[in-house]
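First the structure, in the form of structure tokens, and then the observations on it.
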Ligand code: GLN
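Given below as structure tokens:
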């Protein structure tokens, strides 16, 4: 028999090999292998699980092996698949945008609760307005727009590639009519407009801690992660102008991480000297975001 001959493998065998190959590439080799195989075969994950005896064609097997190698090299799964789940919806992503993280869903929850409280039932046509500073893929902005039809969302980004992704996602989720994305730094594109909710997930990783490949986050855009020497360069620039962006009774939500909260609290306190604010935790019990509401 020709040693080069292709020996067909079943779905179950291929999956098992994929899991072994991905074991060093992250903490979810089974889930990653399953998603990659579903992607290659153009099937749902449930189909893969139920059709373990089906044989793969040679091109399918080769494509799967190639993608497993890319993933094993550290490339985030979301970039390979071109999509990621966030708040129960699928978002398009590419290497120009940060991969939305599950912990960012807390900010969406907070924003949605505030939006709901501010919708005036006697004026249903009057939009509640939300600004997402550093909109990236549009995960936060588009989710808020998709969850509440009374919201009008604006987003800014210094990356025109990111704005294209956000627009694509807004179109995909059918909310483009209630979303505007502006190219520019922080809140500068929106002038003196004021919002019911301002949300920001600006870069907050200290430069020295920004991951490098083969760590998965090392494949993400550095400008979305690198917050300068102490991680707070972007928030330091943004916060002095933040009070002017909020309507009376408006909510400010800022994502960050435990190492920067002491200093971030100082910056927030300086920008809003007479206001109390909360540092809230994420699913893992880690400090994750600042929440503040201005007086009515
Ligand atoms: N949560 C991201 C990370 O730790 C950082 C996101 C950000 O800097 N805004 O990789």
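Numbering (this note's numbering), first residue to last: 92 to 387.
Here a beta-carbon is modelled for each residue, glycine too, at the ideal position from N, C-alpha and C.
Item	Value
Looking only at its chain, what residues have a beta carbon closer than 6 Å to the beta carbon of residue 97, apart from the 5 residues adjacent to it on each side?	149
Alpha carbon to alpha carbon, what distance is there between residue 237 and residue 206?	12 Å
Buried or exposed: where does residue 120 fall if 16 or more other Cβ atoms within 10 Å of its Cβ makes it buried?	buried
Pull up the CB-CB distance for residue 184 and residue 190, whole angstroms please, since I reckon it's below 8 Å.	6 Å
List the whole-angstrom C-beta distance separating residue 286 from residue 335, where the pair is believed to meet the contact cut-off of C-beta under 8 Å.	With 8 Å as the limit, residue 286 and residue 335 do not qualify as a contact, their Cβ atoms being about 11 Å apart.
Taking 8 Å as the threshold (C-beta atoms), are residue 289 and residue 330 in contact?	no
Is the beta carbon of residue 343 less than 8 Å from the beta carbon of residue 383?	yes
For the segment 225 to 271, which segments carrying the beta strand (DSSP E) assignment without a break, of at least 3 residues, lie completely within its bounds, in sequence order?	242 to 248
Applying the 10 Å Cβ sphere with the 16-neighbour rule, what's the burial state of residue 123?	buried
Within its chain, find whatever has a CB closer than 6 Å to the CB of residue 351; leave out the 5 residues flanking it on each side and keep chain order.	295, 322 and 323
Report the option in 375, 374, 379 and 356 whose CA atom is closest to the CA atom of residue 368.	356
Take the Cβ of residue 214 as the centre, count every other Cβ of all protein chains shown within 10 Å, and call the residue buried at 16 or more, exposed below.	exposed
For residue 317, list the residues DSSP reports as bridge partners.	296
Please report the residue range of the beta strand (DSSP E) in which residue 339 lies.	337 to 346
Taking three-plus beta-carbon pairs below 8 Å as touching, is the segment 269 to 286 in contact with the segment 304 to 318?	no
Give a single yes or no on whether residue 294 has its beta carbon closer than 7 Å to a heavy atom of the ligand GLN.	yes
Measure the C-alpha to C-alpha separation of residue 247 and residue 109 and round it to an integer number of angstroms.	39 Å
Residue 132 to residue 186, Cα distance in whole Å?	23 Å
Residues in its own chain within less than 6 Å of residue 37 by CB, not counting five upstream and five downstream?	The structure shown does not extend to residue 37, since the chain is modelled only from 92 to 387, so the question has no answer here.
Using 7 Å as the cut-off, classify the Cβ of residue 306 as near or not near the heavy atoms of the ligand GLN, replying yes or no.	no
What is the DSSP secondary structure of residue 177, counted as helix, strand or coil?	strand
With DSSP as the reference, identify every bridge partner of residue 77, one or two as the case may be.	The question about residue 77 has no answer here: the residues shown for the chain are numbered 92 through 387.
Ends of the beta strand (DSSP E) at residue 288?	286 to 291
Is the Cβ of residue 195 closer than 8 Å to any Cβ of chain B?	No chain B is present in this structure, which holds just one protein chain.
Taking the alpha helix (DSSP H) that residue 125 falls in, what are its first and last residues?	120 to 132
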